[in-house]
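Protein chains in written order, with this note's numbering: chain C, 1 to 142; chain G, 1001 to 1079.
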Amino acid sequence: MIVRLQAEDFEPEREAQALDVRGAGARVSFVGIVRDAAENRRIEALDIEHYPEMTRAELTRIGAAAQARHHLLEVLIIHRYGRLLCHERIVLVTVWSAHRAEAFAGCQTIVDALKTRAPFWKKEISPEGAVWVPGQTPQDLG
Amino acid sequence: MITVRCFAQIREILGCDTRELLPAHTPQCAADLLKVIAGARTADLPKPLLVAINCEHASLTSPVKDGDEVAFFPPVSGG
């Protein structure tokens, strides 16, 4: 499994092509991008704060759990932090498996877990000011 | 020592990102540390408040001990 946290952008296809995964018959990628509007407000940028030590540990736990549950052959997670302008890439999740069903399910599992477990916080920057994006709570914590 | 870290709105409201606290002589939970660093401003903090101990999700009632790193933060929004 590869987990990377970085301020700089990434090129999704090049990142995925860089890994030669034996036995893989399917590769599914998800790319999250900064939206340009929220609740009728124009979004200019997103400030992403995180808890570096925990983020790395949590992304590794999320990836390992999905790998075991969906029989994934390889998992790649790249998540950016800092100030990102609208339409910029935020996150890449790419998974490899023998067949497509596991790859689709595994990728979705990881992306869903990022939303509720990974310690990132987003502040939307718009012409009206800056607003924290409401977050989510891990389900097992209520 | 116990290291306490705050993130996002919690950091902004308390004006504090990291503090070192001496462990108490009696058993402590995460909520006890929050009372120390937030004091009267505890009521100003957004709810729910999440807790991590040594980089794993925990709760306000989780016990803490000397050497732990305890973090307080609002609900998360990765991805």
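Glycine residues also receive a C-beta, built at the ideal position from the N, C-alpha and C atoms.
Output the distance between the C-alpha atoms of residue i and residue j, rounded to the nearest integer angstrom.
i: C/LYS123; j: C/LEU73; result: 35 Å
i: C/ALA24; j: C/ARG117; result: 28 Å
i: C/ARG69; j: G/VAL1004; result: 34 Å
i: G/VAL1036; j: C/PRO119; result: 23 Å
i: G/ARG1019; j: G/PRO1046; result: 20 Å
i: G/LEU1060; j: C/GLN17; result: 44 Å
i: C/HIS87; j: G/PRO1023; result: 46 Å
i: C/GLY142; j: C/ALA45; result: Reliability fails at C/GLY142, whose pLDDT of 46 lies under 50, so the model's placement of it is uncertain and no value is given.
i: C/ASP9; j: G/THR1026; result: 48 Å
i: C/ILE78; j: C/GLY32; result: 10 Å
i: C/ARG27; j: G/GLY1079; result: 19 Å
With H, G and I counted as helix, E and B as strand and the rest as coil, what does DSSP make of residue i?
i: C/PHE104; result: helix
i: C/LYS122; result: strand
i: C/PRO133; result: The sequence as given places Val at residue 133 of chain C; Pro does not occur at that position. Here C/VAL133 sits in coil by DSSP.
i: C/LEU73; result: coil
i: G/THR1061; result: coil
i: C/ALA68; result: helix
i: G/GLY1067; result: coil
i: C/GLY82; result: strand
i: G/GLU1056; result: strand
i: C/GLY142; result: Residue placement at C/GLY142 is poorly supported in this model, since its pLDDT is 46, which falls under 50; the coordinates are not used for a value here.
At a Cβ threshold of 8 Å, is residue i touching chain G?
i: C/GLY32; result: yes
i: C/ARG41; result: no
i: C/THR116; result: yes
i: C/HIS71; result: no
Does the CB of residue i have a neighbour CB from chain C at under 8 Å?
i: G/SER1062; result: no
i: G/GLU1020; result: no
i: G/VAL1076; result: yes
i: G/ALA1024; result: no
Which chain B residues are close to residue i, counting only those with a beta carbon under 7 Å from its beta carbon?
i: C/GLU53; result: Protein chains in the displayed structure are C and G, and chain B is not among them.
When every heavy atom of the ligand GDP is checked, does at least one fall within less than 7 Å of the C-beta of residue i?
i: G/ARG1011; result: Looking at this structure, you won't find the ligand GDP or any other ligand, since it has none at all.
### Completely contained beta strand (DSSP E) runs for the segment 22-52 of chain C, where each covers 3 or more residues
26-33, 45-50
### Residue ranges of each alpha helix (DSSP H) within the segment 1006-1044 of chain G, 4 or longer
1008-1014, 1030-1038
### Query
At a Cβ cut of 7 Å, what residues of the segment 1040-1072 of chain G count as close to chain C, listed as they run along the chain?
PRO1048, LEU1050, ALA1052, CYS1055, HIS1057, SER1059, ALA1071
### Query
Any residues in the segment 115-136 of chain C with a beta carbon nearer than 9 Å to a beta carbon of chain G? Which ones, in chain order?
LYS115, THR116, ARG117, ALA118, PRO119, PHE120, TRP121, LYS122, LYS123, TRP132, VAL133, PRO134, GLY135, GLN136
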